[in-house]
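In the working numbering, the protein residues as written are 424 to 1090.
Even glycine gets a Cβ: it sits at the ideal position worked out from N, Cα and C.
Only one structure is covered here, and it is reproduced in the block below.
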């Protein structure tokens, strides 16, 4: 077994590898850039080596700097995590030449499967079903259009060396094929240093289902079931689960056997994933093989009981697999939600800044038999940088069946507190509550179809609004009684605590009466309905656990003038609690109009302007590209919302802008 492992990565995956290495009694070495000097993985490792400036192109993906760190620390093995150098055959070969073990597959397999064109040819030769497409390289946008027309729209434009949703675009017409080709090429070069592009048919109503494989150096290869990864946005996975709610046993077996056949064809060992696209009739087609550990590996671990990182380490050390295919049993259901530093209310644009609060739910087995796991690489007070992937954490739940796993996830999301940056917690909660998701009716177009206008939060129905109003009234009563006790201490009198209140939440108004009883709070609404609220909350606490008429509710609570900001199940509600007289006067107050931004283009996220596509004086049409902003390794094209004339351009290519900073003005 190894003595010391260097982790050539950062963030949550570096922390994940460190935990397993520690379990095995193996020392660990972290590497870090300027931006990660105080990162969690640096604090967790036994040693840490600085490897350069913040941009990954000057630190994490510079092979020479990683090799120098290996030599300086005497590490005898390297785990690459995922991303960065994890699928770089030259890196694996350089380690082999230096006499250092690479905790991953052989370089020949990485090279063969890392090129999507080559991998599809190998897959076809191995008897694996493949998607129709053009497997040759494409030189320019016009050639891309010609090929796309020959295949038939829609098509998927993909980076040959891509992964993680980078360098991928769907084109439905010639214009989108031209633009998508150039954007994919730019992203591919920026993310992978390889701008080769190919095109394949986009399968309508597709599901994205992948098979986990595991092999050793002695020719043993098995598959560990599947993961459903269809909940995607911009080709980036958001929610994954294992097993898939769609596959039957026969399809699972057929996909698993084809995945193993492909792995054997390239002499594969270690952990890897074979990705398939599956249509509504359970026909499946090979997409690509990821020759590394996947981001979503925890859900497979939860349903199989197998520590994939441990198995990778043992295989790299020359050990045989300790299990056979017959030993693999799928137990229960697991779901993973990816917590991203992105603002769902601003079209999921990246967000950076300091985590002023980071309080994940308690991990481990719950009293109801469910399990919560949170893989993270951040901490309260830490910074979210613009230089790396925006993922903050991977929240996972396990339960004996899918519905209970979903409920466990919904509750865990309610208990997860993140402040200081934009994040997608409310969106993840909305997915868990979505009827189509709960029914398992998924495709990769799920988000686009269920949230066609973007995400604006979940609006409460009358029942939810009434429960939130009852909680607001209970919280208000706690605060009022505390204020009376304080005033009674400072003076020789106590004012009475009012019991009649009016709670307003968006379009709902509830006149009610609140009182404390032995079991908690009794909230009596003017229409005759009564709610019993049980739970404990103290002023200053930002989270409360209540039970309202038997329903457990984990609520995020923040005071706001004459009321409370309540967040629950994707809802973000301001509950105003007023006396009847104040409520009557409040109805007469005019509403403040939002500022007019119709004549400006503001930077929607912190990032770098990589291109400005118009000049001052140009007339632009609705939908026309105006500028490109790059943030967190993704290109974002900013388009005109209407016909207008460009009056002034305030930011040029190369400028670094903050959110809402001016780019251009229009007449």
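Helix, strand or coil, according to DSSP, for residue 882 in the structure here? Here residue 882 sits in coil by DSSP.
Give me the DSSP bridge partner(s) of residue 798. Checking the DSSP bridge columns, you'll see residue 798 partnered with 817.
Going by CA-CA distance only, name the one from 721, 767, 899 and 851 that's closest to residue 819. The residue with the shortest Cα to Cα distance from residue 819 is 721.
Inspect the beta-carbon positions of residue 813 and residue 759 and report whether they are closer than 8 Å. For the pair residue 813 and residue 759, the CB atoms are not nearer than the 8 Å cut-off.
Buried or exposed: which applies to residue 783, given that a residue is buried once 16 or more other Cβ atoms fall within 10 Å of its Cβ? A residue is called buried when at least 16 other Cβ atoms come within 10 angstroms of its Cβ; residue 783 meets this threshold and is buried.
Answer yes if the region 713-732 comes into contact with the region 657-676, meaning at least three C-beta pairs across the two stretches below 8 Å, and no otherwise. With the cut-off at 8 Å, the region 657-676 and the region 713-732 touch.
How do the region 1063-1071 and the region 1029-1044 stand: do at least 3 beta-carbon pairs fall below 8 Å, yes or no? Taking a cut-off of 8 Å for Cβ pairs, the region 1063-1071 and the region 1029-1044 touch, as three or more such pairs fall below it.
Given this structure, state the Cα-to-Cα distance separating residue 457 from residue 806, to the nearest angstrom. Their backbone Cα atoms lie some 12 Å apart in a straight line.
Could you spell out where the alpha helix (DSSP H) holding residue 539 opens and where it closes? Note, residue 539: alpha helix (DSSP H), 539-548.
Residue 713 - partner residues in DSSP beta bridges: As DSSP reads the structure, residue 713 sits in a beta bridge with 696.
Inter-residue CB distance, residue 1028 and residue 1082 (contact presumed, cutoff 8 Å): About 6 Å; that satisfies the 8 Å criterion.
Whether residue 505 touches residue 716 by CB criterion (8 Å): Residue 505 places its beta carbon less than 8 Å from that of residue 716.
Determine whether the beta carbon atoms of residue 634 and residue 697 lie at a separation below 8 Å. Yes.
What residues in its chain sit with their C-beta under 7 Å from that of residue 902, if we drop five residues either side in the sequence? Residues 962 of the same chain have their beta carbon placed closer than 7 Å to that of residue 902, with the five preceding and five following residues left out of the count.
Three-state secondary structure (DSSP) of residue 1064: Residue 1064 falls in the coil class under three-state DSSP.
Cβ separation of residue 537 and residue 584, assumed to be a contact under 8 Å, to the nearest whole Å: 6 Å between Cβ atoms; contact.
Once you ignore the five residues that flank residue 426 on each side, which residues in its own chain have a CB closer than 6 Å to its CB? By the criterion of a C-beta distance shorter than 6 Å, residue 426 is surrounded in its chain by 499, once the five residues flanking it on both sides are discounted.
Can you tell me where the beta strand (DSSP E) with residue 957 in it begins and where it stops? Start and end: 953-959.
Among 992, 860 and 515, which has the Cα closest to the Cα of residue 884? It is 992 whose Cα lies nearest to the Cα of residue 884.
If you reduce the DSSP assignment to three classes, tell me which class residue 768 lands in. Residue state, collapsed to three classes: helix.
Residue 473 and residue 441 closer than 8 Å at C-beta: No, they are not a contact pair.
Tell me the DSSP secondary structure of residue 612 in three-state form. The DSSP-derived three-state label of residue 612 is helix.
Are residue 451 and residue 430 closer than 8 Å when you measure CB to CB? For residue 451 and residue 430, yes; Cβs fall inside 8 Å.
State the beta-bridge partners of residue 708 as determined by DSSP. Residue pairing by DSSP puts residue 708 in a beta bridge opposite 700.
Assess, as a yes-or-no matter, whether the region 642-653 is touched by the region 844-860 under the definition of 3 or more beta carbon pairs within less than 8 Å. They do not touch, by the three-pair rule.
What does the alpha-carbon distance come out to for the pair residue 889 and residue 808? The alpha-carbon atoms of residue 889 and residue 808 are separated by roughly 40 Å.
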